[in-house]
Amino acid sequence: MHLTRRAVTLGALASAASSKAQASRPAATRLIVFFTPNGTVPARWRPTGTETAFTFGPGSALEPLSTLREQLVVIDELDFFGADNHEGGMAAMLTGTEGSTGESAGMSLDQFVAARLPAAQSTRFRSLELGVATSAWGSSRQTRMAYAGPGRLVSPDDDPAAVARRVFNQGAAMGNDRLTRKQALLRLNKAQLARVRGLVPASEHEKVDTHARALDTLEARLAAPTGQCGAPAIPMGLRPSQNDAFPQVGALQMDLLVAALACDATRVASLQWSHTVSPIVPTWLSLSEAHHELSHMSDSNRAGVDRFIAAERWFTEQFASFLRKLQATPDPAGGGTLFDTSLVLWCKEMGDSRAHVCRNVPMVLSGRANGALRLGRYLKVAGEPHQKLLVSLCHLMGLDNGTFGDAARSRGPLAGLA
Amino acid sequence: MKRLGLLLLVLCGCEGRLDSTPAPDDTAVDGAPVDCTAAPLPARRLRRLSRRELVASTNTLAAATVVSTESYAPDLVVEGFETSSKTLVVNALLADQLQAVAETIGAAVALAPGRFGGCTAATDACRDAFLRAFGAAAFRQPLDDTQLGEYRALYELARADGHGAAAGLVAEAMLTSPFFVYRAELGQPAGADAWALTDHELASQLSYFLTGGPPDATLTAAAAAGALHEPAQLEAQARRLLERPDGLGGFVDAWLELDRLDTLPKESADFTPALRAAMRDEAQRFFADVVTRGGSYEELLTARASVVNAPLAAFYGFPGPQGAGFERVAWPEGRRSGLLTLGAFLATHGKPSGSSPVHRGAVIRARLLCQTTPPPPPNVDATPPPEQPGRTTRERFSAHSSNAGCAGCHSLIDPLGFALEHFDGVGRERSLDNGLPIDATGALLATTPADVTFDGARELSAAIAASAEGRACFVTQVLRFGLGTSGVTDPFTCVGATAARAMTPATPLRDVVLSLVTAEGFRRRAGTTAGVAPMLPAPVDAGTTPTPVQPQPMQGLEVTRAAQSTWPTGFCDDVRVTNRSAAAVDWAVELTVDGTITNAWNASASGASGAVRFTGVAWNARLEPMASASFGFCATKP
Chain E
97 MHLTRRAVTL GALASAASSK AQASRPAATR LIVFFTPNGT VPARWRPTGT
147 ETAFTFGPGS ALEPLSTLRE QLVVIDELDF FGADNHEGGM AAMLTGTEGS
197 TGESAGMSLD QFVAARLPAA QSTRFRSLEL GVATSAWGSS RQTRMAYAGP
247 GRLVSPDDDP AAVARRVFNQ GAAMGNDRLT RKQALLRLNK AQLARVRGLV
297 PASEHEKVDT HARALDTLEA RLAAPTGQCG APAIPMGLRP SQNDAFPQVG
347 ALQMDLLVAA LACDATRVAS LQWSHTVSPI VPTWLSLSEA HHELSHMSDS
397 NRAGVDRFIA AERWFTEQFA SFLRKLQATP DPAGGGTLFD TSLVLWCKEM
447 GDSRAHVCRN VPMVLSGRAN GALRLGRYLK VAGEPHQKLL VSLCHLMGLD
497 NGTFGDAARS RGPLAGLA
Chain R
1046 MKRLGLLLLV LCGCEGRLDS TPAPDDTAVD GAPVDCTAAP LPARRLRRLS
1096 RRELVASTNT LAAATVVSTE SYAPDLVVEG FETSSKTLVV NALLADQLQA
1146 VAETIGAAVA LAPGRFGGCT AATDACRDAF LRAFGAAAFR QPLDDTQLGE
1196 YRALYELARA DGHGAAAGLV AEAMLTSPFF VYRAELGQPA GADAWALTDH
1246 ELASQLSYFL TGGPPDATLT AAAAAGALHE PAQLEAQARR LLERPDGLGG
1296 FVDAWLELDR LDTLPKESAD FTPALRAAMR DEAQRFFADV VTRGGSYEEL
1346 LTARASVVNA PLAAFYGFPG PQGAGFERVA WPEGRRSGLL TLGAFLATHG
1396 KPSGSSPVHR GAVIRARLLC QTTPPPPPNV DATPPPEQPG RTTRERFSAH
1446 SSNAGCAGCH SLIDPLGFAL EHFDGVGRER SLDNGLPIDA TGALLATTPA
1496 DVTFDGAREL SAAIAASAEG RACFVTQVLR FGLGTSGVTD PFTCVGATAA
1546 RAMTPATPLR DVVLSLVTAE GFRRRAGTTA GVAPMLPAPV DAGTTPTPVQ
1596 PQPMQGLEVT RAAQSTWPTG FCDDVRVTNR SAAAVDWAVE LTVDGTITNA
1646 WNASASGASG AVRFTGVAWN ARLEPMASAS FGFCATKP
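Here the protein sequences come in this chain order: E and R.
Take 97 as the starting number for the first sequence in my numbering and just add one per residue.
Take 1046 as the starting number for the second sequence in my numbering and just add one per residue.
Okay, here's the thing in structure tokens:
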């Protein structure tokens, strides 16, 4: 009954999406967004070589990905038109254009794909947002990259124990009595909420409706099959907000994410490492400055830039290890690995961190996307708007929206990508 | 009093977490400022408990520390607080987290259900006793008949497993119920166009405002007796609650962002988690001490005493209490002075390895004066020179004053932080920085009175205490945190404006809070829903708002000009230029400036007053079709 109810709720979106989906073209099964903060030093990030013959120089930010070079599309020279600085970049990165009222309706890429992708409507989580120390400063344009609409920020879950409970320890894991009671409890909460709606002025209706949608989501998840999910063990006493727990929390979140994808809990997932202006101090690299300070080293301060690049390389290693986990994990539908069927975006919010600009923003794609993405390439896009990349990514997911964010900037996909 | 507006400044350099302060577009500024001359009442609201309130409410019910703020996803930061009633919602993630907490509490109740209702048998009488007792505690008012019926039915589902199991299920349901998660400010009709909050609604509002948690037994009894809406009763209860050392329920912690201290990396090995916790505790106790002792805003900023425990006193290097706990201790001779020299403030807003004058200065501007600073313009290398021997921290930022492009704005920020240079990154006093004498002099600009010079923390604190902006900002911040206000259209702004007008540096803070509680806007609500605010400017008691002048734009250029801030001797305006033509242009705009420009950002100005021509700078001079550029300037008034 609850599944039916959910299907009705989501039906309008799904049918709109399916009419747009292009079944003829290969498309990725799922989208994974991976974010690391504070731009980069472009000269130390940029590969050398041509589109198909390129290398990551010794000591460069991407060097830890060298053995995976053939599994990547490295995109250089993207421009976030209309956005600059930390917060502007963070807000534009996945929305294309913050607050857009166009085709993407102000949503971020992940939320848009989750809303439009037909297959995402029947998984237990329409999307899953995981974070690593994203929340010490609350939820703001600075600390969030996912938007459900203009001004509607989506918070990631920073706590691996909570993620494990949400994803792997609900629904069918309960006994029948417990499930029946839990469903009754949710029905009661919903009935009370409906009563409250009748008591409040119209200005508060949206608040109540948001809550009601959240309860619908919980109710649908309760009834959905959990699949063959195996959760990694979470150590006791972990304090995810502590600076020094950052590497451990990151590793756990990557494991949880892969495990969730392996049992098809979701088709759209993101992992956000800290946030722009990150205050994280990479003590595990024996560094003592905050990441944001590290990102502000002038070229004249060579040792300082080296310290920042050490932190950049550490993030690159995390991305490489994440890709290897995808390569080592079978796709739940069979016939390949998660890497073969997924589309992965590693995004940043700025280009040169020292100048606070959103030009030459470095991006890396990976995942075979069921053959939709040609890998092993280094693309210099000569200042193309990043909105076009977002359009391309939608197309790689089987959607056919013509624009993303500002329509004037994003007519069509990024040339030469797909 | 001055308009509670934002002073928009600009920086050419930015360090630390400067742009973590709320930018104007983070805020819920959603229309014209409310017209306080019409004495509008606030709108009827449904307020979701904030994270702190959820924690206090849950732990009170459990009579144990079961949850912390980390149990819940953070809420949207609006104007520097997570408490805006407009944006506090239950999204899917929070609903899930509420459910997880409720399961924990439900399991605990199942093991010991007798704490509520006083019985443990699955009889009808015991069932109802539990429902009424737990329900009243969770919902902060007695269950109504509908609710009683609903929970009886739920109880029946688990009754076969015994009273404990059934009570646990009910507890779980109640802790995820909208009647727990929200508190209503809906009221009952009181005349044609107004609503009077019910006694129980008032009890909740009063209690969460003054203590951060749900009503205690005395307040609940007063509400049940039906007399709390009488102003004398309300004030008497408020006075009673203000005697408690709750410090407005963690206000100072949220106001000064001290919750960040727990996770902030610091190089000092002796800066232990226990010491960090003690510092946050000190700040909370210090504020509560000032309030309960009848201290004023001036006292808050200039007190020569604090409330510390022995380890903290030892860390600061002055004599501490003899006992094991926290005690009020007068500071020995030294440079400390009230709020801004508390270890928690200095350490939270210091760097891992040292002080942080620019960031500290920006925080003082944003949090104590309600004047926010935008990020630096693009393409400026905001990298300060590295730390090196033979140079003080202040000297590292000398470019901020020697570079004319930076100085206009940094002169408003940096000196406030320089005044605190006698305190290191973990809040210890020092007489030398890098082995060199410390220059802690400066001037407090853009406040009323203007341009007060100071040397060190004591004189800066005294200058802020004497400023109209400081007092008005204090009231604004209390309203944002305690009553969930946000944006200039909120009628609560008028309640604050009235209180701030009546406030002097010497007014006891307790009286300031009481004036908010006894205002009509505290206990009554407007009959109509929050909608369109009257299109009139905010009250200004000194100076005037600069009149926007219709510019003569170039062909196809759309120019909008908005006042960002005004004070008796000056103002700042923001201007946005949009190319509405089909071709790229190098833009130029002519504006009338009624005054003398002191600094402009993101544009070059030809001339300083009268008809001034503004042109773009390197990164924004050329506008593609439909693209726009923003610039601004500050000027003194003629």
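Note that the Cβ used here is the ideal one computed from N, Cα and C, for glycine as well.
Computed from a prediction, not measured in an experiment: that's the story for all the values here.
Here Thr1263/R carries a helix assignment [DSSP, helix/strand/coil].
Scanning the stretch 1358-1411 of chain R for uninterrupted alpha helix (DSSP H) segments of 4 residues or longer gives 1388-1393 and 1402-1408, listed from N- to C-terminal end. For Thr1493/R, no beta strand (DSSP E) encloses it, and the DSSP letter there is neither H nor E. Look at Lys1311/R here: in three-state DSSP terms it is coil, with no helix or strand label. According to the DSSP assignment, Ala1216/R belongs to the alpha helix (DSSP H) that extends over His1208 to Leu1220. When only Cα atoms are considered, Thr1168/R and Asp1244/R end up about 33 angstroms apart. Pairing Leu489/E with Glu480/E, the inter-Cα distance amounts to about 15 angstroms. Sequence-distant partners of Cys1164/R (beyond 5 residues in either direction) whose C-beta falls short of 7 angstroms from its own C-beta, in its chain, are Cys1171 and Ala1174.
Asp305/E is classed as exposed because its beta carbon has fewer than 16 other beta carbons within 10 Å across all chains shown.
For the stretch 1139-1159 of chain R, the set of positions with a beta-carbon nearer than 8 angstroms to some beta-carbon of chain E reads Leu1139, Ala1140, Asp1141, Gln1142, Gln1144 and Ala1145 in chain order. Between the alpha carbons of Ala468/E and Ala407/E lies a distance of about 32 angstroms. Burial check for Pro1187/R: the Cβ neighbour count within 10 Å stays below 16, so the residue is exposed.
Following the DSSP letters along the chain, one finds Arg1284/R in no beta strand (DSSP E) but inside the alpha helix (DSSP H) bounded by residues Pro1276 to Leu1287. Interface residue (Cβ-Cβ distance to chain E less than 8 angstroms): Ala1218/R is classified as such.
In this chain, Tyr1117/R is not harboured by any beta strand (DSSP E), its DSSP state being neither H nor E.
For the C-beta of Asp180/E, the chain R residues within less than 7 angstroms are, from N- to C-terminus, Pro1423. Cβ-Cβ distances below 8 angstroms link Pro1119/R to Arg1096 and Glu1127 in the same chain, with the five nearest sequence neighbours on each side left out; the list follows chain order.
Within the model, the alpha-carbon separation for Pro336/E versus Ala1084/R is close to 47 angstroms.
At least 8 angstroms separates the beta-carbon of Pro1310/R from that of Thr132/E. Counting only runs of 4 or more residues that sit fully inside the stretch 242-292 of chain E, the alpha helix (DSSP H) segments are 256-264, in chain order. Boundaries of the alpha helix (DSSP H) harbouring Met350/E: Phe342 to Ala358, taken from the DSSP string. With respect to chain E, the C-beta atom of Pro1377/R has no partner C-beta closer than 8 angstroms. Pairing Glu302/E with Thr1132/R, the inter-Cα distance amounts to about 10 angstroms. Residues of the stretch 221-235 of chain E with a C-beta less than 7 angstroms from any C-beta of chain R: Ser231, Ala232, Trp233, Gly234 and Ser235, listed in chain order. In the DSSP secondary-structure assignment, Ile128/E is bridged to Ala365/E and Val440/E.
By the Cβ test, the stretch 362-377 of chain E is not in contact with the stretch 1327-1342 of chain R, since fewer than three Cβ pairs between them sit closer than 8 angstroms. Membership of Met1324/R in the alpha helix (DSSP H) is indicated by the continuous run Pro1318 to Thr1337. One finds Lys303, Thr306 and His307 in chain E with Cβ atoms closer than 7 angstroms to the Cβ of Val1134/R, taken in chain order.
Bridge partners of Thr1660/R according to DSSP: Ala1633/R and Ser1649/R.
When the five nearest sequence neighbours on each side are left out, the beta carbons in the same chain lying within less than 6 angstroms of the beta carbon of Gly1541/R are those of Val1520, Thr1521 and Leu1524, in order along the chain. Two segments are said to touch when three or more pairs of C-beta atoms, one from each, lie closer than 8 angstroms; by this definition the stretch 1387-1398 of chain R does not touch the stretch 420-427 of chain E.
When secondary structure is reduced to three states using DSSP, Met332/E falls in the coil class, being assigned neither helix nor strand. As computed with DSSP, Lys476/E is found in a beta bridge with Asp172/E. Between Val1403/R and Phe1442/R a beta carbon distance of about 6 angstroms is seen, short of the 8 angstroms cut, so the two are scored as contacting.
The continuous alpha helix (DSSP H) containing Val487/E extends over residues His482 to Leu492.
The beta carbons of Leu486/E and Gly501/E sit closer together than 8 angstroms.
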